[in-house]
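This report refers to the structure that appears directly beneath it.
2 protein chains.
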Amino acid sequence: MMSLRKTILSNFLEDIWNRGLEDKLSEYLAPEYVIHHDPGDPWHGKTLDIDGFRQRLLVSRAPFPDQRFDIQDMLEDGDKIAISWLWQATHVGELAGIPATGRVIHMSGLTIYSFSGDRLSGHWQMVDRLGVFQQLSAS
Amino acid sequence: MMSLRKTILSNFLEDIWNRGLEDKLSEYLAPEYVIHHDPGDPWHGKTLDIDGFRQRLLVSRAPFPDQRFDIQDMLEDGDKIAISWLWQATHVGELAGIPATGRVIHMSGLTIYSFSGDRLSGHWQMVDRLGVFQQLSAS
């Protein structure tokens, strides 16, 4: 059976990132959420409150509204959970100067999430941004 | 105190990747080592025996002989350990068609290692290859 925190993280990815249910952010997030490390993310190194995270969610999902994270593995140890994931989405809006291509883009990555009680309080992440760029710019 | 497997993984990174002690590979590796996922690595998706891993080690370390992994976090759950890491190395040999620049390159990433008993049997990894490429090609 999945631990409570693994269940919370799995629901967070489904509700927030896959479905974009921004009204549920206050159920999942601690008052301060720290993006410890996330190269390429405009919020790398920043501390966000719930409204700041909502802004990040809206901007990040805008080019990829049908995006889907599929968790491959979850490892829980102390106050943290590491996940490996695959992601796919249709590119329907401008991203980093590249207009919508209509292509289905695939990405993968790993994230370590930190918890404060039963709320998410930050992450350390690496995504395959070179792979995404290659798919968007391929002729 | 660190668990046995966390200690083994920490020693593996130090002995094998930081110091290049290829003669110690047989102490750390299971007979088959599976590179489940590692975009950009020439051995992505392959299963290696110890000689195959030695070849990967030699080729990978050649442009960066003073390379150093510094573990940031370790999470152990079941038969797996996830780590986040920083890496730095001086670029002294050809890499993907780019001749030695003499630059000190910084990289970061996350890896989930699988164990079989006290031996490493594979990994799922994401490294910031775009960041490396940008540092190597900057004018």
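So the sequences go chain by chain: A and B.
Residue 57 in the working numbering sits at position 23 of the first sequence, and the numbers go up by one each step.
Residue 77 in the working numbering sits at position 43 of the second sequence, and the numbers go up by one each step.
We treat Cβ as the ideally placed atom computed from N, Cα and C, and that holds for glycine.
Asked	Found
Three-state secondary structure (DSSP) of R88 (chain A)	helix
Inter-residue Cα distance where the pair is G54 (chain A) and D72 (chain B)	29 angstroms
Near-chain A residues of the segment 141-163 of chain B (beta-carbon distance less than 8 angstroms), N- to C-terminal order	S142, G143, L144, T145, I146, W158, Q159, M160, V161, D162, R163
A96 (chain B), buried or exposed, once every other Cβ within 10 Å from all chains shown has been counted against 16	exposed
Where the segment 102-134 of chain B meets chain A: residues whose CB sits under 8 angstroms from a CB there	Q106, D107, M108, L109, E110, D111, G112, K114, I115, A116, S118
Nearest-angstrom Cα separation, counted from Y67 (chain B) out to K58 (chain B)	15 angstroms
Three CB pairs or more closer than 8 angstroms across the segment 71-90 of chain A and the segment 114-122 of chain A	no
Chain-ordered chain B contacts of G165 (chain A) [CB-CB under 7 angstroms]	P73
Coil, strand or helix - W77 (chain B) by DSSP	coil
Nearest neighbour of E48 (chain A), chosen from A:R102, A:S142, A:S60, A:V161 [CA to CA]	A:R102
Validate contact between the segment 163-171 of chain A and the segment 37-52 of chain B using beta carbons, cut 8 angstroms, 3 pairs	no
DSSP state of F54 (chain B) mapped onto helix, strand, coil	Contrary to the premise, residue 54 (chain B) reads as Gly rather than Phe in this sequence. Note: G54 (chain B) maps to coil in three-state DSSP.
Limits of the unbroken beta strand (DSSP E) element including E66 (chain B)	63-71
Alpha-carbon spacing of W51 (chain A) relative to Q169 (chain B), whole angstroms	31 angstroms
C-beta atoms of I139 (chain B) and F98 (chain B) nearer than 9 angstroms	yes
Cβ-Cβ distance between I69 (chain A) and H78 (chain A) below 9 angstroms	yes
Rounded straight-line distance, which links the Cα of T135 (chain A) to that of S155 (chain B)	40 angstroms
Exposure label - A172 (chain A); buried when at least 16 CB within 10 Å	exposed
Other residues of its chain near D107 (chain A): CB distance less than 6 angstroms, five sequence neighbours each side excluded	S118
Collapsed DSSP secondary structure at S148 (chain A) in the structure displayed	strand
Backbone CA spacing between I105 (chain B) and S44 (chain B) [nearest angstrom]	8 angstroms
Cβ neighbours of D113 (chain B) in the same chain (closer than 8 angstroms, five flanking residues each side left out)	S148, F149, S150
Spatial neighbours of T145 (chain B) in its chain, beta-carbon cut-off 6 angstroms, leaving aside the 5 residues before and after	I117, H157, Q159
Separation of E61 (chain A) from S94 (chain A), as counted between CA atoms	20 angstroms
Candidates B:L92, B:P76, B:D100: closest to A123 (chain B) by CA position	B:D100
8 angstroms Cβ shell around F46 (chain A) - same chain, five flanking residues per side excluded	Y62, L154
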